[in-house]
Amino acid sequence: MAAPPRAWPSGYDLVALDEVDSTSEEAKRRAGQGAPHGTVIWARRQSRGRGRRGRRWESPEGNLYLSLLLRPGVAPGVLGQLSFVAGVAVGEALQAALGDAAAIAYKWPNDILVGDGKVAGILLEAVSEGGAPAASVVVGIGVNVALRPGGLVQAAAALAEFVAPPPLEDLLGAIVADFDRWLGRWRREGFAPVRQAWLARARGVGAAVTVRLAEECLSGTFAALDESGALVLDQADGSRRNIVAGEVFLGPHPGLTLR
Ligand code: BT5
């Protein structure tokens, strides 16, 4: 175990690495060996950082890569809400780092934007344990601190474009502390305050969006976020769909306003 940064919340064990394939893979490997709830894997570089559905997460040295192993002891059906718990915690920590220089925004389901660029992404994965419904999850968090990767389809941003960024250790400590606070709140009060905090800074709610699913594209109004974190889409024919996974494009047609 490395010496944790200052202001580190109790109940979280830090594993600090120079390089790893993916902090989330490492967290899963350690979960298989019985690592406890609150294990935090932090690496300075990832050789195979990834996003959803195997997409690549650019992971140069200078940015922040961490994964939290959580065994929260709640019904498997509500574990998905933890990606929003992490989202509002990371959003709060990044807003504190940015101060008045810029404002963060959330993009469904798991992006954090500054301006029109993605500054952070969150990846929630279940840890499969012998075929039983998952009781553990790994929350992977990537934040562009010093460097904005180029050449991506979706615009990226880095904290350093707006402020002198805090040392990585300090940002790591702030994110874990904010996560712990939001986790406690979620346990006590449920999803409602998390949902409210997310909606208060969300892009596209009430506006026209197009959602790309695996096999089809749907257009409509982003009407709400439901109790499970699904995007509620009101379609032109009056029908309503609750979408649990997909890509959101702000605007009526995909590709027109890719944010
Ligand atoms: C995400 O996926 O946004 C979740 C990213 C989670 C990364 C963390 S880092 C620590 C932990 N260990 C891991 O291996 N992963 C987690 P998704 O919504 O699928 O977005 C992926 C897309 O974002 C890519 O296809 C690129 O278009 C774009 N992208 C890749 N790297 C980026 C970066 N550094 N900054 C901004 N956008 C990026």
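Residue numbers (this note's numbering): 1 to 259. Backbone N, C-alpha and C fix where the C-beta goes; we use that ideal spot for every residue, glycine too. What you are looking at is a predicted structure, and each value in this text was computed from that prediction instead of being measured.
- Just measuring C-alpha positions, the residue of 212, 227, 236 and 203 sitting nearest residue 115 is 203.
- Secondary structure of residue 176 (DSSP, three-state): helix.
- Residues 85 of the same chain have their beta carbon placed closer than 7 Å to that of residue 183, with the five preceding and five following residues left out of the count.
- In terms of side-chain proximity, the C-beta atom of residue 119 is found nearer than 8 Å to a non-hydrogen atom of the ligand BT5.
- Looking at the backbone, the Cα of residue 138 and that of residue 80 are separated by about 11 Å.
- Under the three-state reduction of DSSP, residue 10 is assigned to coil, being neither helix nor strand.
- One alpha carbon belongs to residue 93, the other to residue 41, and they sit about 18 Å apart.
- The stretch 12-29 makes no contact with the stretch 106-121, as fewer than three CB pairs between them are under 8 Å.
- In this structure, 88 is the residue among 111, 22, 88 and 55 with its C-alpha nearest to the C-alpha of residue 178.
- Rounded to whole angstroms, the gap between the alpha carbons of residue 11 and residue 235 is 45 Å.
- In this structure, the CA atom of residue 18 is about 20 Å from the CA atom of residue 8.
- For residue 198, the enclosing alpha helix (DSSP H) stretches over residues 192-200.
- Counting only the Cα atoms, residue 151 lies some 21 Å from residue 141.
- Nearest to residue 237 by alpha-carbon distance, out of 219, 37, 168 and 245, is 219.
- Per the DSSP secondary-structure output, residue 69 pairs in a beta bridge with 39 and 138.
- Using a Cβ distance threshold of 9 Å, residue 58 and residue 49 count as a contacting pair.
- The bridge partners DSSP lists for residue 249 are 210.
- Of the candidates 37, 232 and 248, 232 places its Cα closest to the Cα of residue 241.
- Scanning 32, 70 and 165 for the CA closest to the CA of residue 176 turns up 70.
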